[in-house]
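> In order, the protein sequences belong to chains A and B.
Its first residue numbered 124, the first sequence is counted upward by one per residue in the working numbering.
Its first residue numbered 124, the second sequence is counted upward by one per residue in the working numbering.
There are 2 protein chains.
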Amino acid sequence: MVSTVQPTSDTRETRRLISSEKVTATAVQNARGDSLGHIEDIMIDKISGQVAYAVLNYGSFLGLMGGKLFAVPWDMLKYNTQRSAYVIDVPEERLKNAPSFDEGSEPEWGDRDYDRRLHDYYGSKADWYM
Amino acid sequence: MVSTVQPTSDTRETRRLISSEKVTATAVQNARGDSLGHIEDIMIDKISGQVAYAVLNYGSFLGLMGGKLFAVPWDMLKYNTQRSAYVIDVPEERLKNAPSFDEGSEPEWGDRDYDRRLHDYYGSKADWYM
Chain A
124 MVSTVQPTSD
134 TRETRRLISS
144 EKVTATAVQN
154 ARGDSLGHIE
164 DIMIDKISGQ
174 VAYAVLNYGS
184 FLGLMGGKLF
194 AVPWDMLKYN
204 TQRSAYVIDV
214 PEERLKNAPS
224 FDEGSEPEWG
234 DRDYDRRLHD
244 YYGSKADWYM
Chain B
124 MVSTVQPTSD
134 TRETRRLISS
144 EKVTATAVQN
154 ARGDSLGHIE
164 DIMIDKISGQ
174 VAYAVLNYGS
184 FLGLMGGKLF
194 AVPWDMLKYN
204 TQRSAYVIDV
214 PEERLKNAPS
224 FDEGSEPEWG
234 DRDYDRRLHD
244 YYGSKADWYM
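1) Identify each residue in the region 234 to 245 of chain B for which the Cβ-Cβ distance to at least one residue of chain A is less than 8 Å, and report them in chain order.
2) For the alpha helix (DSSP H) that B:D89 lies in, which residues bound it at each end?
3) Measuring straight from C-alpha to C-alpha, what distance separates A:H242 and A:A249?
4) Kindly indicate the opening and closing residues of the beta strand (DSSP E) around A:K201.
5) Report the residues of the region 182 to 216 of chain A with a CB closer than 7 Å to any CB of chain B, ordered along the chain.
6) What do you reckon, are the CB atoms on A:W197 and B:G172 nearer than 7 Å?
7) Is it right to say B:R268 is buried, meaning 16 or more other beta carbons lie within 10 angstroms of its own, or is it exposed?
8) So the candidates are B:Y209, B:S223 and B:P230; which of them puts its Cα closest to the Cα of B:G160?
9) For the alpha helix (DSSP H) that contains A:Y176, what are its first and last residues?
10) The alpha helix (DSSP H) spanning A:D146 covers which residue range?
Okay, here's the thing in structure tokens:
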């Protein structure tokens with residue numbers, strides 16, 4: 124397809140915004156483009172409105188038993204507009220062995236030690252939140 | 124109730140994080156504490172993970188016909204931990220006459236002119252997004 128419009132970094136992204144409901148339907152992939160699972164929920168800082176964590180459900184892709192959820196610091200997920208997916212560039216072994224919680228239960232949201240553990244585990248740079 | 128713990132600005136807020144699903148069940152009030160309606164949806168910047176807009180449904184409180192939704196820049200809503208509600212301190216006449224869209228339709232999400240119109244209307248300071 125021939126386009127007369129030069130792509131620039133300023134190209135309007137009409138889909139820059141996404142409804143929180145639709146985020147949970149967005150695919151999550153590894154760097155190679157394999158599907159890792161989906162976003163089950165997102166945790167938002169009430170005050171700042173910044174998304175703190177994506178809650179990921181890897182299904183059986185990582186050889187996990189079902190029913191485990193993983194809170195991943197938001198800055199570990201990069202949105203890839205070509206793939207219309209979030210990409211998480213973390214080795215699978217590390218994803219599998221990350222802190223998790225059972226579906227239907229709630230981890231220590233807002234607990235500083237829990238937050239630090241998660242951020243340290245993934246090497247998150249999101250110190251705005253700590 | 125006597126507390127031996129000095130309240131400080133560093134007091135742990137265990138409910139600092141909220142699930143995106145639950146945000147939509149959170150009440151919205153005016154400065155006096157009257158219920159204005161509820162958050163119908165939130166629009167998130169895919170890349171930064173920052174909430175850009177709350178989509179508000181005022182129901183009939185403002186004397187509006189049903190079915191109208193209002194995209195309000197997130198920084199116009201202040202979370203009040205005592206009331207467990209978001210407070211929007213904007214005169215009712217201004218809320219009523221704000222840009223709105225019909226339920227079931229979608230406004231020009233991501234359109235710069237639309238964004239600017241909304242931010243200007245509410246006097247939003249959220250220039251990170253513009």
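No residue lacks a Cβ here, since even glycine has one placed at the ideal position from N, Cα and C.
Taking the definition as stated:
1) Taken in chain order, the members of the region 234 to 245 of chain B whose beta-carbon sits within less than 8 Å of a beta-carbon on chain A are D234 and R235.
2) Chain B is shown from 124 up to 253; residue 89 of chain B falls before or after that span and cannot be answered.
3) The straight-line gap from Cα to Cα measures roughly 8 Å.
4) Per DSSP, the unbroken beta strand (DSSP E) holding A:K201 starts and ends at L200 to N203.
5) Along the region 182 to 216 of chain A, going in chain order, the ones with a CB nearer than 7 Å to a CB of chain B are W197 and Y202.
6) Yes, the pair counts as a contact, with Cβ atoms nearer than the cut-off.
7) Nothing about residue 268 of chain B can be read from this structure; chain B reaches only from 124 to 253.
8) Scanning B:Y209, B:S223 and B:P230 for the CA closest to the CA of B:G160 turns up B:Y209.
9) First-last for A:Y176: V174 to N180, but that is the beta strand (DSSP E), not the alpha helix (DSSP H).
10) Here residue 146 of chain A turns out to be Val, not Asp, going by the sequence shown. DSSP places A:V146 inside the alpha helix (DSSP H), whose first and last residues are S143 to V146.
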